[in-house]
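Only one structure is covered here, and it is reproduced in the block below.
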Amino acid sequence: MRRLLKKLLNYWEKKREKKALLKKYGFKIVYKRSTSIILGCFGQTPPKNGKVDLLDHNGNVLKKDIPEEDAAKYMKEYEDAAKKQYSDLPAEDATKRYLDDIALGRPYLDGKFWKATNNFGTEVKWVNQTSSNKLGIKISKLIDDAISSSKPDKAFEGLVAKFVSDLEKQMGKIDNFGNKISRNLGELDITTKKYLIECKKALSGKTISNKNRKTEFLEQFRRYTDKTHKNYINIENKKVILIIDELTDGLKHTNPVFKELEDMGVTILTDYKQLINFK
Amino acid sequence: MAKFISILSKEKILKDKILAQTKLFQTKLNLQKEENENHFSMWEDLEYGGSGIEICFAKNSNDFNDKGILETHPEYSTIFLIKYFSEDQLIVPFLKLFTQTYPNILIFNDESSSNFKRIFEKSDLDIIKGNDYWSLLGQKLM
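The listed protein sequences correspond, in order, to chains A and B.
Add 9 to a position in the first sequence, counting from 1, and you land on the number used in this note's numbering.
Add 12 to a position in the second sequence, counting from 1, and you land on the number used in this note's numbering.
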C-alpha cells in the first residue's frame with residue numbers, strides 16, 4: 010500500500026514538473042498515433058507503447074518516439090544545457106535560444122560535446138574544450154604542453170596558439186586547440202570567436218606538384234570555406250587563416266596553389282607574428 | 013591540420029585488395045567507417061580519443077606523381093595516400109598489418125622539415141613499439 014502511494018506521488022510529481030516545463034518554455038508534446046491502411050482507408054489507432062514526440066515552441070521536433078514519462082527528463086536536460094551555454098541570460102531566454110540553435114543547426118552543447126548541423130544536413134560534433142577537455146585539462150595547459158613537444162608540427166601549433174592567446178583582446182579567446190571533429194571530418198588547430206587558424210610547419214613543393222596530394226590539401230580548405238560542402242565544418246563561418254612556417258623543396262610564394270586558396274577566402278601568412286594586424 | 017603520407021609499391025596492387033586489407037583493419041579495431049568512390053575513412057569515437065585515418069585513392073592513376081621519391085626510386089609508384097591528423101594512433105598499426113601482406117612497400121613522407129627522414133620501409137616499422145605515428149615519421153637524420 011505504501012509502495013503504491015509512493016508510486017502515485019512520484020507520478021504526480023513528474024506530471025507536475027512536466028506541466029511546469031511545458032508552460033514555462035513552450036515545449037509541446039505530440040502523442041503518437043500509428044497510422045495504417047485498412048482496405049484503402051487511413052486508420053489511426055491509439056499508441057500501444059505510449060510514445061510521444063517532443064517539440065520546441067516553434068514546432069520543431071527535438072525528440073522522436075520517446076516514452077511519455079521521459080519527456081520531463083529531456084526538457085530538464087535542455088534547460089540545464091541552456092543555462093550552461095547561456096549563463097548570462099535569464100533561464101527562459103537561454104532555453105529558447107538554445108532550442109533555436111538546435112533547430113537552426115547552430116552549435117549547441119550536448120553533454121561534453123558541441124553539436125551542430127551544416128547546411129548540407131551533416132551532423133558535426135566536437136569536444137567542448139572551453140571549460141576543460143575530457144581529461145579535465147584546460148586549453149592553456151594543452152598549449153603549454155604543445156610548446157614543449159618534441160614534434161615540430163605540434164610545437165609550432167603551440168607557439169602560434171600562445172601568440173593568439175596574448176592577442177585575446179583583438180582576436181578573441183581561444184575556444185579550440187588541436188580539437189578533432191567527429192567522423193574524421195577534420196581537426197581544428199586553433200579557433201577563436203572570429204578566426205579559424207590552420208598551422209602548417211612545412212609545405213613541400215613536391216606535395217603541391219603531386220596532383221592527388223594537392224587535391225587532398227585543397228579539399229581541407231573547402232571544408233572550411235564552401236558552405237554547401239557535405240563536410241563543411243566551419244559552422245560559425247569564421248575567417249580562415251593558414252599559417253605556413255616553412256616552404257620547402259623549392260615551393261615559392263608565387264605558386265598558383267596560394268592564389269587558389271586566396272580565391273576560396275583563405276588568408277595566408279608565412280610569419281605568425283603577422284597576426285598582430287588582425288582585429 | 014591534416015597531413016599525408018604516400019604508400020608506394022614496385023608491383024601493381026589493385027584498389028580492391030588495398031580496400032580488403034583496410035576493411036580487415038577497420039573491423040579488427042572496431043572502427044567506424046565511411047566509404048565513397050576514392051576515399052575510405054575510418055575512426056574511433058571521439059569519446060575514445062577520435063584518432064582516424066583516411067585512405068585516399070587517385071581518380072586517375074596519372075594523378076600520382078611523387079617527384080620527391082621518383083628521383084631516387086624510379087621503379088616505385090604511389091598506390092594510395094594516408095591522410096591523418098595530429099596525435100594519430102592508427103597509422104602505425106595499420107601499416108604494420110598492411111606490410112604483413114605487402115612487405116615491400118615504401119612509406120614516403122615529404123611533409124616534414126628537411127632534416128627529417130622521409131622514406132621508410134617495413135624494417136623501420138618493425139622496430140617501433142607503441143602506436144605513436146611520430147615514432148615512425150619523426151626520425152631525425154643523423
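Where is the CB? At the ideal position from N, CA and C, for every residue including glycine.
Just so we're clear, the structure is a prediction, and the values are computed from it rather than from any experiment.
- Within 10 angstroms of the Cβ of Gln-179(A), are there 16 or more other Cβ atoms? Answer buried if so, exposed if not. Numbered from its first residue, the first sequence carries residue 179(A) at position 170. So Gln-179(A) counts as exposed.
- Message: So for Asp-153(A), helix, strand or coil by DSSP?
- Response: Taking the first residue of the first sequence as 1, we reach residue 153(A) at position 144. The answer is helix: DSSP assigns Asp-153(A) an H, G or I state.
- Query: When we look at the beta-carbon of Arg-130(B) and count the other beta-carbons within 10 Å, is it buried (16 or more) or exposed?
  - Reply: Here the question's residue 130(B) lines up with position 118 in the second sequence. Answer is buried; the Cβ neighbour count reaches 16.
- Message: Residues of chain A with CB closer than 7 angstroms to the CB of Lys-95(B), please, in chain order.
- Response: Here residue 95(B) refers to the residue found at position 83 when the second sequence is read from its first residue. In chain order: Glu-225.
- With DSSP as the reference, label Ser-96(A) as helix, strand or coil. Along the first sequence, read from residue 1 onward, the residue named residue 96(A) stands at position 87. Of the three classes helix, strand and coil, the one that applies to Ser-96(A) here is coil, per DSSP.
- Can you pull the chain B residues whose beta carbon is under 7 angstroms from the beta carbon of Val-136(A), in chain order? Within the first sequence, the letter at position 127 stands for residue 136(A). Simply Leu-58.
- Message: Applying the 10 Å Cβ sphere with the 16-neighbour rule, what's the burial state of Ala-29(A)?
- Response: For the purposes of this step, residue 29(A) is identified with residue 20 of the first sequence, where counting begins at 1. Looking at its Cβ environment, which holds fewer than 16 other Cβ atoms inside 10 Å, Ala-29(A) is exposed.
- Query: DSSP on Gly-167(A), reduced to helix/strand/coil?
  - Reply: For this step, residue 167(A) is matched to residue 158 along the first sequence. Helix.
- Applying a beta-carbon distance threshold of less than 7 angstroms, which residues of chain B neighbour Lys-209(A)? By one-based count along the first sequence, residue 209(A) stands at place 200. Per Cβ cutoff of 7 angstroms: Met-13.
- Task: Mind reading off the beta-carbon distance from Ile-117(B) to Ser-21(B)? Whole number of angstroms is fine, and I expect it under 8 angstroms.
- Result: As a position in the second sequence, residue 117(B) is number 105, starting the count at 1. As a position in the second sequence, residue 21(B) is number 9, starting the count at 1. About 5 angstroms; that satisfies the 8 angstroms criterion.
- Sub-9 angstroms separation of Phe-106(B) and Thr-39(B) beta-carbons: Your numbering for residue 106(B) matches position 94 in the second sequence. Your numbering for residue 39(B) matches position 27 in the second sequence. Cβ atoms of Phe-106(B) and Thr-39(B): not closer than 9 angstroms.
- Chain-ordered neighbours of Ala-32(B) on chain A, where CB pairs are closer than 9 angstroms: Numbered from 1 along the second sequence, position 20 holds the residue referred to as residue 32(B). In chain order: nothing, as chain A lies at least about 20 angstroms away.
- Item | Ranges of the beta strand (DSSP E) found wholly within the region 22-61 of chain B, counting only runs of at least 3 | 44-48 and 51-55
- Query: According to DSSP, is Tyr-117(A) helix, strand or coil?
  - Reply: Taking the first sequence and counting its residues from 1, the one referred to as residue 117(A) is at position 108. Three-state result, Tyr-117(A): strand.
- Message: Less than 6 angstroms between C-beta atoms, sequence neighbours within five positions excluded: which residues of the same chain meet that for Ser-174(A)?
- Response: Counting from one through the first sequence, the residue named residue 174(A) turns up at place 165. Cβ within range, chain order: Ile-183.
- Message: Can you give me the C-alpha to C-alpha distance between Glu-23(B) and Glu-99(B), rounded to a whole angstrom?
- Response: Counting from 1 along the second sequence, the entry for residue 23(B) is found at position 11. Counting from 1 along the second sequence, the entry for residue 99(B) is found at position 87. The straight-line gap from Cα to Cα measures roughly 31 angstroms.
- Please determine if the region 54-64 of chain B and the region 188-204 of chain A are in contact, where contact requires at least 3 C-beta pairs separated by less than 8 angstroms. yes
- Message: If we require 3 or more residues per run, which beta strand (DSSP E) segments fall completely within the region 197-253 of chain A?
- Response: 204-213
- Message: Is it buried or exposed, Phe-129(A), if we count other Cβ atoms within 10 angstroms and call 16 or more buried?
- Response: If you number the first sequence from 1, residue 129(A) lands on position 120. By the 10 Å Cβ count, Phe-129(A) comes out exposed.
- Query: alpha helix (DSSP H) containing Asn-19(A): first to last residue?
  - Reply: Indexing the first sequence from 1 puts residue 19(A) at position 10. Per DSSP, Asn-19(A) belongs to the alpha helix (DSSP H) from 11-34.
- Got a sec: is the Cβ-Cβ distance from Gly-150(B) to anything in chain A below 9 angstroms? What you label residue 150(B) is simply residue 138 of the second sequence in a count that begins at 1. Yes, Gly-150(B) lies at the interface with chain A (some Cβ there is under 9 angstroms from its Cβ).
- Query: If you check the beta carbons only, do Ile-250(A) and Val-275(A) fall under 9 angstroms apart?
  - Reply: Taking the first residue of the first sequence as 1, we reach residue 250(A) at position 241. Taking the first residue of the first sequence as 1, we reach residue 275(A) at position 266. Contact: yes.
- Which word fits Ile-285(A), buried or exposed, when buried means at least 16 other C-beta atoms lie within 10 angstroms of its C-beta? What you label residue 285(A) is simply residue 276 of the first sequence in a count that begins at 1. Ile-285(A) should be labelled exposed.
- If you measure from the beta carbon of Lys-116(A) to each beta carbon in chain B, is any gap under 9 angstroms? The residue you call residue 116(A) lines up with position 107 of the first sequence. Looking at the sequence itself, residue 116(A) is Pro, so the reference to Lys does not match. No, because no Cβ of chain B sits closer than 9 angstroms to the Cβ of Pro-116(A).
- May I ask you to report which of helix, strand or coil DSSP gives Glu-101(A)? To locate residue 101(A), count along the first sequence from 1; it is residue 92. Three-state DSSP puts Glu-101(A) in a helix.
- Message: the ligand GTP and Val-173(A): does any heavy atom of the ligand fall closer than 8 angstroms to the residue's C-beta?
- Response: As for the ligand GTP, it is missing from this structure, which has no ligand bound.
- Along the beta strand (DSSP E) that carries Phe-186(A), what are the first and last residues, could you check? Residue mapping note: residue 186(A) aligns to position 177 of the first sequence, counting from 1. That run of the beta strand (DSSP E) goes 183-190.
- Could you please give the first and the last residue of the uninterrupted alpha helix (DSSP H) stretch that includes Thr-111(B)? Within the second sequence, the letter at position 99 stands for residue 111(B). Counting along the chain, the alpha helix (DSSP H) containing Thr-111(B) begins and ends at 103-113.
- Residues of the region 246-270 of chain A whose Cβ lies closer than 8 angstroms to any Cβ of chain B, in chain order: Glu-255, Thr-257 and Asp-258
- Message: Buried or exposed for Pro-86(B), going by 16 or more other Cβ atoms inside 10 Å?
- Response: Here residue 86(B) refers to the residue found at position 74 of the second sequence. That one is exposed.
- Query: Of all the options Asp-254(A), Leu-197(A) and Tyr-95(A), which has the alpha carbon lying nearest to the alpha carbon of Ser-124(B)?
  - Reply: The residue given as residue 124(B) occupies position 112 in the second sequence. Selected option, being the one with the closest Cα: Asp-254(A).
- Where the alpha helix (DSSP H) through Leu-137(B) begins and ends: Counted from its first residue, the second sequence places residue 137(B) at position 125. From DSSP, the alpha helix (DSSP H) with Leu-137(B) extends over 134-138.
- Contact check, Leu-270(A) vs Leu-227(A), beta carbons under 9 angstroms: Within the first sequence, residue 270(A) is the residue found at index 261, counting from 1. Within the first sequence, residue 227(A) is the residue found at index 218, counting from 1. Contact: yes.
- Give me the Cα-Cα distance between Leu-176(A) and Lys-16(A), rounded to the nearest whole angstrom. Here residue 176(A) corresponds to residue number 167 of the first sequence, with the count starting at 1. Here residue 16(A) corresponds to residue number 7 of the first sequence, with the count starting at 1. Near 58 angstroms, if we compare the C-alpha coordinates of Lys-16(A) and Leu-176(A).
- Item | Trp-21(A) classed as buried or exposed, judged by whether at least 16 other C-beta atoms fall within 10 angstroms | Along the first sequence, one-based indexing puts residue 21(A) at 12. Burial call: exposed.
- Query: So what does DSSP say about Ser-89(B), is it helix, strand or coil?
  - Reply: For this step, residue 89(B) is matched to residue 77 along the second sequence. In this structure, Ser-89(B) counts as strand in the three-state DSSP scheme.
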